[in-house]
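Chains as they are written, first to last, in this note's numbering: chain H, 1267 to 1521; chain R, 209 to 533.
Reading through the structure tokens given below for one structure.
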Amino acid sequence: MRVLVCVKRVPAPGSRINISPDQLNVDTAHLGFTTSPHEECALEEAAQIIEQHGGTVTVLTAGPTEAEEQLRYAASVGGTDFVLIPNNSGGDWDPERTANAITQAINKLEAEDGQFDLIMFGNESADAGGFQVGVRVAVALDRPIVNGIKGIEINDRVFTARREVDTGVEVYQLEAPAVLGVREGINLPRYPTMKGRLASKKAEIAIAPIEVHAGGQNKVRLHRPEERVTETNVLGESAAAAARVVDLLDELGVL
Amino acid sequence: MMGEILVFVEHDQGQLSPSAGEALTAARELGERLSQKTAAVLVGQAAEGLGTMCAEYGVQLAYCLTSPVLSDYGPETWGQAIVELANQCSPSVILSVGTDRGNEVLAQVAARLGAPFAANSTVVQRGDAWEITRVQWGGSLLEDIVVDSELLIASYNHHSIEPAFFPGDNEIEVRTVGVELDPTLGRTVIRDRVTLTEGVTLSTASVVVSGGRGVGSADGFAQLEELADLLGGRVGCSRAVTNNGWRSHADQVGQTGTRIAPEIYIACGISGAIQHWVGAMASKNILAINTDREANMVTKAGYAVIADLHEVIPAVIEEVKRRRS
Ligand SMILES: Cc1cc2nc3c(=O)[nH]c(=O)nc-3n(C[C@H](O)[C@H](O)[C@H](O)COP(=O)(O)OP(=O)(O)OC[C@H]3O[C@@H](n4cnc5c(N)ncnc54)[C@H](O)[C@@H]3O)c2cc1C
Ligand SMILES: Nc1ncnc2c1ncn2[C@@H]1O[C@H](COP(=O)(O)O)[C@@H](O)[C@H]1O
């Protein structure tokens, strides 16, 4: 099985997100970076798939040179091949442009080493949350895609994919070559092992520069939604506060 | 500017979705502001009877798209059906609500038309170009964008529009439009469903007792379970907890977990990272139990107890039992 996973490097802010002076990006001066959570799960799923069925997991990202860090992390948790599409513009590309670049990279990789049986995306990127890059790539490649997947079974060349909805579960069946958008919760991503860390050091990262035009969505500025200012009523500083907690539950009618 | 506003009205096998009112209200309001006609888009024969419900929101025209390929829901068939309609009527706007299906279908439409798509918008305005405000980081941040396209494809952020019936005796014309669809697009149609009958869920519970890293272990959640049971509520948790394997992801509150809106959210040993907060902020009341007075969860909560949760929760459980007996 030849699997491709598209991951994005995103900042990991703590209690609030600060905005850069030019208002175009998150101020990352004091922040660490991580892989967007849904995609971490997509990668884990891909790693499990090749453990069961054999094959390779190519991990692809479009981002700054520093996104190598996320590809190396991917190498420590099951990725086998790594491709970076450089975008050193200092900010994100718009979704059309990102999708276009990823599509071109996939076309190149497939021309060299054969078709991917499964291409995986996150349900949405943690920062931009555009809900579209995976769909755009799938449409450009004329492959089936379903988003929001929380369960995958493989039988021969058919992927049975499950999506949770309010009333239960929807079941889809996609024949390879297929594309799936995955949600956090589909699995519990592993932590890197000693052996994984070694693999991460040794991983070779292919740089795939791609020329793409901007799409039709232009960022003007970022801003924070209005924050609710709350006066915190401290009910106590020990277990003795229990009585006041239960008074509160009573007042709210939930006792 | 020519063309009408098309609004994708979600249904499941002919059952109108709870988000439909939001979609129709938003579309009618935008139509009034832009002096344009608004038309509901109902996909599939099963939706034909939903016109009257659309009328209640003041929308006077509905297109019901039919084809043998449009049986059950499928992102590709539904997306392409809307593309076929758009090719016939040249709309100025295609709208939906940013639910799973709303975003998935419009992403398909946008990809197939080669047009931009603004998901989860909170403001849609037409100046010299389309000026949109949309949600990033699951609601922790907003982004103003300009969309460089005659046709605007956008979804409204779920729960940001208050559905409103339109007063008066509303008439609607339902036009059935047969669309030609390539049967191979049926490859992503739903094949099967599993119906779950669950009682109170995390997203509907009136009390959520949630634990974070401060709970310390999977076993530590027994106290939270007991309190939640006593109050007829549900247990939630932070991502630190799911990552440690202490609870299933189904319990996770936050950006990549569940959005909750209980009467009271009891957050125990949770620091209140922004990604957790966006999932909890719709709670009507918040009680934080934390050893750290400065924790974000504490400073944002209406009520707090500054103490060890493993001492406070058993005492609360005792007190609840005492008052009830
Ligand atoms: C893209 C992205 C998406 C994310 N999505 C989510 C999400 O959906 N949901 C989510 O929850 N997180 C999410 N996170 C993770 C988030 O950033 C935090 O890491 C996480 O919420 C921290 O969990 P916590 O509060 O339990 O742990 P910590 O931040 O470690 O906080 C533990 C708290 O417990 C208190 N404490 C310790 N011991 C006790 C005690 N005995 N009694 C009382 N209090 C005690 C401490 O004072 C502290 O405040 C996401 C992160 C990223 C980057
Ligand atoms: N810069 C990127 N590099 C690689 N994959 C990406 C990038 N941006 C988005 N994706 C993928 O596309 C999915 C959807 O992104 P979005 O449309 O931004 O919500 C993400 O979950 C990723 O899997």
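C-beta atoms are modelled at their ideal positions from N, C-alpha and C, and glycine is treated no differently.
Inset, instruction - Note down, in chain order, each residue of its chain lying with its Cβ closer than 7 angstroms to the Cβ of residue 333/R, except the 5 sequence neighbours on either side. - result: 339
Inset, instruction - With DSSP as the reference, label residue 1454/H as helix, strand or coil. - result: coil
Inset, instruction - Taking residue 351/R as part of the beta strand (DSSP E), name the residues at either end of that continuous run. - result: 349-355
Legend entry - Rounded straight-line distance, which links the Cα of residue 412/R to that of residue 513/R: 25 angstroms
Legend entry - Alpha-carbon to alpha-carbon, residue 232/R and residue 360/R: 17 angstroms
Inset, instruction - Using a Cβ cut-off of 7 angstroms, pull out every chain R residue sitting near residue 1520/H, in sequence order please. - result: 414, 415, 439, 471 and 472
Inset, instruction - Determine the chain R residues that contact residue 1271/H at a beta-carbon separation under 8 angstroms, and present them in chain order. - result: Near residue 1271/H there are no residues of chain R at all, since even the closest Cβ is about 17 angstroms away, more than 8 angstroms.
Legend entry - Under the three-state DSSP convention, the category residue 1313/H falls into: helix
Legend entry - Any non-hydrogen atom of ligand 2 within 6 angstroms of residue 1396/H CB: yes
Inset, instruction - Drop a sphere of 10 angstroms on the beta-carbon of residue 1363/H, count the other beta-carbons inside from all chains shown, and report buried for 16 or more, exposed for fewer. - result: buried
Legend entry - Check: residue 575/R C-beta below 6 angstroms from any heavy atom of ligand 1: For residue 575/R there is no data in the structure shown, the boundaries of chain R being 209 and 533.
Inset, instruction - Anything in chain H within Cβ reach of residue 353/R, meaning under 7 angstroms, just list it in chain order. - result: 1483, 1484, 1485 and 1486
Inset, instruction - Using a Cβ cut-off of 7 angstroms (strictly closer), state whether residue 1446/H contacts chain R. - result: no
Legend entry - Contacts around residue 1439/H, its chain only, beta-carbon distance under 8 angstroms, and the 5 residues preceding and following it disregarded: 1424, 1425, 1426 and 1427
Inset, instruction - Tell me whether residue 466/R counts as near ligand 1, meaning its Cβ is closer than 6 angstroms to at least one heavy atom of that ligand. - result: no
Inset, instruction - Assign residue 262/R to buried or exposed, taking buried as 16 or more other Cβ atoms, counted over all protein chains shown, within 10 Å of its Cβ. - result: buried
Legend entry - Within-7 angstroms CB hit, residue 348/R to chain H: yes
Legend entry - Reference residue 488/R, options 479/R, 324/R, 473/R and 502/R, closest by Cα: 473/R
Inset, instruction - Identify each residue in the segment 366-393 of chain R for which the Cβ-Cβ distance to at least one residue of chain H is less than 8 angstroms, and report them in chain order. - result: none
Legend entry - Interface flag, residue 1370/H vs chain R, CB-CB below 7 angstroms: no
Inset, instruction - Mark residue 223/R as exposed unless 16 or more other C-beta atoms lie within 10 angstroms of its C-beta, in which case mark it buried. - result: exposed
Legend entry - Test item: CB-CB of residue 1398/H and residue 325/R under 7 angstroms: yes
Inset, instruction - Taking residue 1440/H as the query, report the chain R residues whose CB atoms sit under 9 angstroms from its CB, ordered along the chain. - result: 395 and 396
Legend entry - Bounding residues of the alpha helix (DSSP H) (the contiguous stretch that carries residue 1510/H): 1508-1517
Inset, instruction - Helix, strand or coil for residue 215/R, going by three-state DSSP, please let me know. - result: strand
Inset, instruction - Return the first residue and the last residue of the beta strand (DSSP E) that residue 1327/H is part of. - result: 1322-1329
Inset, instruction - Confirm, please, whether the CB-CB distance from residue 283/R to residue 240/R is below 7 angstroms. - result: no
Inset, instruction - Give a yes or no on whether the minimum CB-CB distance between residue 325/R and chain H is below 7 angstroms. - result: yes
Legend entry - Candidates 1285/H, 1272/H, 1387/H and 1412/H: closest to residue 1347/H by CA position: 1272/H
Inset, instruction - Tell me whether the beta-carbon of residue 1321/H lies closer than 7 angstroms to the beta-carbon of residue 1282/H. - result: no
Inset, instruction - Leaving out five residues on either side along the sequence, give the residues of the same chain with a beta carbon under 6 angstroms from the beta carbon of residue 318/R. - result: 325 and 361
Inset, instruction - Determine the extent of the alpha helix (DSSP H) in which residue 308/R is found, giving its start and end residues. - result: 308-321
Legend entry - Sequence-distant residues of its chain with Cβ nearer than 8 angstroms to residue 1501/H (five each side left out): 1507, 1510, 1511 and 1514
Legend entry - Range of the contiguous alpha helix (DSSP H) that encloses residue 1463/H: 1460-1468
Legend entry - Residues near residue 525/R by beta carbon distance below 8 angstroms, same chain, minus five either side: 431, 434, 435 and 438
Legend entry - Cβ contact check for the segment 285-304 of chain R and the segment 385-395 of chain R: 3 or more pairs under 8 angstroms: yes
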